[in-house]
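Contents: one structure, followed by commentary.
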């Protein structure tokens with residue numbers, strides 16, 4: 002498991018360094034994630050220590066976001082002032098986006114399967 | 003006995019807030035499991051309902067709370083890097099429907115952001131609110147990490163993420179029925195694309211295939227938005 006933790010921290014560190022060095026606007030951990038993905042694709046497999054660490058981390062992922070998410074208490078003014086705009090955007094936007102995406106990929110998959118049959 | 007020393011310790015140690023935060027999440031897991039894994043009773047939702055009243059009632063400055071639990075927040079970095087592994091494991095699914103997946107990823111992803119921003123614009127919402135809305139379909143850790151860099155407010159963006167996740171899961175059965183969505187792969191992909199981890203939880207109830215495509219969609223849209231959004235906003 003230690004090797005798994007070390008792998009993740011190293012990739013995060015390299016990601017943060019890349020962001021600083023190349024003045025990228027992309028967050029360091031995201032670059033680290035892309036680099037780890039490329040590393041796994043190149044290596045063509047994962048390894049046990051990484052699997053164990055990752056499944057542990059991802060199992061409790063929502064816990065790690067609570068500190069930042071709780072900052073919502075500092076935003077009560079913004080939310081109450083723009084409540085109608087925010088709720089409309091979330092409710093209508095999510096409904097339309099889910100409907101659009103689901104129909105789009107469903108039609109594309111159907112079309113692809115039809116061309117395969119003929 | 004030294005009561006003053008005890009009070010001084012309890013009010014200054016980060017331990018108290020770390021214990022409270024982990025307990026809130028643990029209670030969240032227990033409630034979620036007791037409810038038979040009801041999609042709308044996600045552990046994070048319960049944790050919110052416990053943490054927010056406590057923070058408001060104790061009147062602790064948010065900054066002080068955040069510093070106390072910064073060790074928990076730190077893990078978000080490596081946990082974001084860790085998302086590469088499930089993405090790697092689901093990436094082979096992309097070969098089965100390459101064009102549908104890539105097309106929906108970009109068109110659906112763009113549609114999600116633009117439709118939400120369009121509605122906010124109609125209501126004349128503030129720029130900060132609009133920026134915080136751009137990551138609403140991205141998984142929580144990527145949202146928090148990206149929000150800061152694009153000038154959004156991480157906690158506000160996070161609130162939008164959780165609500166979008168819940169709404170997508172709530173609307174999904176109705177939408178799939180009226181639009182006659184045939185393929186489980188399509189249902190799963192759309193759920194993961196719009197409703198991230200909560201969408202995956204909903205897709206698990208549909209089928210294994212739907213769950214795998216939901217996980218693929220969440221990983222892909224997270225990476226694409228996290229990489230492209232700061233660049234696009236930087237150009238504006």
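Protein chains in written order, with this note's numbering: chain Z, 2 to 119; chain P, 3 to 238. We put the beta carbon where it would ideally sit given N, CA and C, even for glycine. Note that this is a predicted model, so its numbers are computed, not measured.
By Cβ distance, which residues of its chain are closer than 6 Å to residue i, with the 5 residues on each side in sequence left out?
{"i": "residue 16 (chain P)", "result": "70"}
{"i": "residue 218 (chain P)", "result": "92 and 95"}
{"i": "residue 132 (chain P)", "result": "119 and 122"}
{"i": "residue 205 (chain P)", "result": "190, 193, 212, 213 and 216"}
{"i": "residue 43 (chain Z)", "result": "none"}
By Cβ distance, which residues of its chain are closer than 8 Å to residue i, with the 5 residues on each side in sequence left out?
{"i": "residue 40 (chain P)", "result": "34"}
{"i": "residue 220 (chain P)", "result": "141, 194, 195, 198, 199, 201 and 202"}
{"i": "residue 99 (chain P)", "result": "187"}
{"i": "residue 67 (chain P)", "result": "19 and 57"}
{"i": "residue 84 (chain P)", "result": "none"}
{"i": "residue 231 (chain P)", "result": "136, 137, 148 and 152"}
When you compare only the Cα positions, how much space is there between residue i and residue j?
{"i": "residue 32 (chain P)", "j": "residue 227 (chain P)", "result": "33 Å"}
{"i": "residue 23 (chain P)", "j": "residue 134 (chain P)", "result": "24 Å"}
{"i": "residue 106 (chain Z)", "j": "residue 59 (chain P)", "result": "47 Å"}
{"i": "residue 50 (chain P)", "j": "residue 68 (chain Z)", "result": "10 Å"}
{"i": "residue 36 (chain Z)", "j": "residue 110 (chain Z)", "result": "30 Å"}
{"i": "residue 49 (chain Z)", "j": "residue 77 (chain Z)", "result": "45 Å"}
{"i": "residue 60 (chain Z)", "j": "residue 3 (chain P)", "result": "42 Å"}
{"i": "residue 75 (chain Z)", "j": "residue 26 (chain P)", "result": "20 Å"}
{"i": "residue 62 (chain Z)", "j": "residue 51 (chain Z)", "result": "16 Å"}
{"i": "residue 233 (chain P)", "j": "residue 16 (chain Z)", "result": "16 Å"}
{"i": "residue 171 (chain P)", "j": "residue 164 (chain P)", "result": "11 Å"}
{"i": "residue 114 (chain Z)", "j": "residue 102 (chain P)", "result": "11 Å"}
{"i": "residue 10 (chain P)", "j": "residue 47 (chain P)", "result": "32 Å"}
{"i": "residue 24 (chain Z)", "j": "residue 108 (chain P)", "result": "26 Å"}
{"i": "residue 64 (chain P)", "j": "residue 72 (chain Z)", "result": "6 Å"}
{"i": "residue 175 (chain P)", "j": "residue 87 (chain Z)", "result": "24 Å"}
{"i": "residue 30 (chain P)", "j": "residue 55 (chain P)", "result": "15 Å"}
{"i": "residue 162 (chain P)", "j": "residue 40 (chain Z)", "result": "33 Å"}
{"i": "residue 150 (chain P)", "j": "residue 79 (chain Z)", "result": "17 Å"}
{"i": "residue 222 (chain P)", "j": "residue 20 (chain Z)", "result": "20 Å"}
Mind pulling the chain Z residues with CB within less than 9 Å of residue i?
{"i": "residue 3 (chain P)", "result": "Within chain Z, no residue comes near residue 3 (chain P); the closest Cβ sits about 34 Å away, beyond 9 Å."}
{"i": "residue 16 (chain P)", "result": "By Cβ distance, chain Z contributes nothing, its closest Cβ being about 11 Å from residue 16 (chain P), past 9 Å."}
{"i": "residue 129 (chain P)", "result": "Chain Z residues near residue 129 (chain P): none, gap ~11 Å exceeds 9 Å."}
{"i": "residue 209 (chain P)", "result": "In chain order: nothing, as chain Z lies at least about 15 Å away."}
Given that residue i touches chain Z, what residues does it touch there, using C-beta distances under 8 Å?
{"i": "residue 80 (chain P)", "result": "6, 9, 10, 13, 30 and 58"}
{"i": "residue 142 (chain P)", "result": "62, 63, 66 and 70"}
{"i": "residue 101 (chain P)", "result": "109 and 113"}
{"i": "residue 11 (chain P)", "result": "Per Cβ cutoff of 8 Å: no residues; residue 11 (chain P) is ~22 Å from chain Z at best."}
{"i": "residue 125 (chain P)", "result": "83, 85, 86, 89 and 90"}
{"i": "residue 229 (chain P)", "result": "27, 31 and 35"}
{"i": "residue 96 (chain P)", "result": "In chain order: nothing, as chain Z lies at least about 12 Å away."}
I want to verify the contact list: residues of chain Z whose CB lies under 7 Å from the CB of residue i, in sequence order.
{"i": "residue 189 (chain P)", "result": "103"}
{"i": "residue 109 (chain P)", "result": "105"}
{"i": "residue 147 (chain P)", "result": "28, 30 and 31"}
In chain order, what residues of the same chain lie with their CB nearer than 7 Å to the CB of residue i, ignoring the 5 residues before and after it?
{"i": "residue 53 (chain Z)", "result": "2 and 5"}
{"i": "residue 12 (chain Z)", "result": "33, 36 and 37"}
{"i": "residue 74 (chain P)", "result": "20 and 23"}
{"i": "residue 115 (chain P)", "result": "136"}
Along chain P, in chain order, which residues have C-beta atoms closer than 7 Å to that of residue i?
{"i": "residue 24 (chain Z)", "result": "Result: empty, since nearest Cβ-Cβ is about 10 Å, beyond 7 Å."}
{"i": "residue 84 (chain Z)", "result": "Correct list: empty, because the minimum Cβ distance to chain P is about 10 Å."}
The ligand HEM heavy atoms versus the CB of residue i: any closer than 6 Å?
{"i": "residue 164 (chain P)", "result": "The ligand HEM is not part of this structure, which contains no ligands at all."}
Who are the neighbours of residue i on chain P, taking C-beta pairs under 9 Å?
{"i": "residue 3 (chain Z)", "result": "The contacting residues do not exist; residue 3 (chain Z) stays about 13 Å from chain P at best."}
Please name the residues in the stretch 94-115 of chain Z whose beta-carbon is closer than 7 Å to at least one beta-carbon of chain A, in chain order.
Protein chains in the displayed structure are Z and P, and chain A is not among them.
- Message: If the cut-off is 8 Å on Cβ atoms, which residues from the stretch 22-52 of chain P count as contacting chain Z, listed in chain order?
- Response: 23, 24, 26, 27, 30, 44, 45, 46, 49 and 50
Select from the stretch 48-81 of chain Z all residues with a C-beta closer than 8 Å to any C-beta belonging to chain P, and list them in chain order. 51, 52, 54, 55, 58, 59, 61, 62, 63, 64, 65, 66, 67, 68, 69, 70, 71, 72, 73, 74, 75, 76, 79 and 80
| said: Taking contact to mean 3 or more Cβ pairs, one atom from each stretch, closer than 8 Å, check whether the stretch 154-162 of chain P and the stretch 179-191 of chain P are in contact. | reply: no
Closer than 8 Å, Cβ to any Cβ of chain P: which residues of the stretch 9-20 of chain Z, in chain order?
9, 10, 12, 13 and 16
request  = Would you check if the stretch 47-63 of chain P and the stretch 83-98 of chain Z touch, i.e. whether three or more CB-CB distances between them fall below 8 Å?
outcome  = no
(Q) Can you confirm whether the stretch 75-92 of chain P touches the stretch 21-35 of chain Z when touching is taken to mean that 3 or more C-beta pairs between the two stretches lie within less than 8 Å? (A) yes
So if I threshold CB-CB distances at 9 Å, which residues from the stretch 149-161 of chain P count as touching chain Z? Going along the stretch 149-161 of chain P in chain order, one finds 149, 150, 151, 152, 155, 156, 157, 158, 160 and 161 with a Cβ nearer than 9 Å to chain Z.
According to a CB-to-CB cut-off of less than 7 Å, which residues of the stretch 157-186 of chain P neighbour chain Z?
Of all residues in the stretch 157-186 of chain P, the ones placed with a Cβ closer than 7 Å to any Cβ belonging to chain Z are 157, 158, 160, 161, 162, 165, 166, 169, 170, 173, 174, 177, 178, 181, 183, 184 and 185, in chain order.
>> Closer than 8 Å between beta carbons: that is the criterion. Which residues of the stretch 214-225 of chain P meet it against chain Z?
In response: 225
field: Residues, ordered as in the chain, of the stretch 55-77 of chain P that lie near chain Z by beta-carbon distance below 8 Å
entry: Cβ proximity to chain Z below 8 Å picks out 57, 58, 64, 67, 68, 71, 72, 74, 75 and 77 from the stretch 55-77 of chain P.
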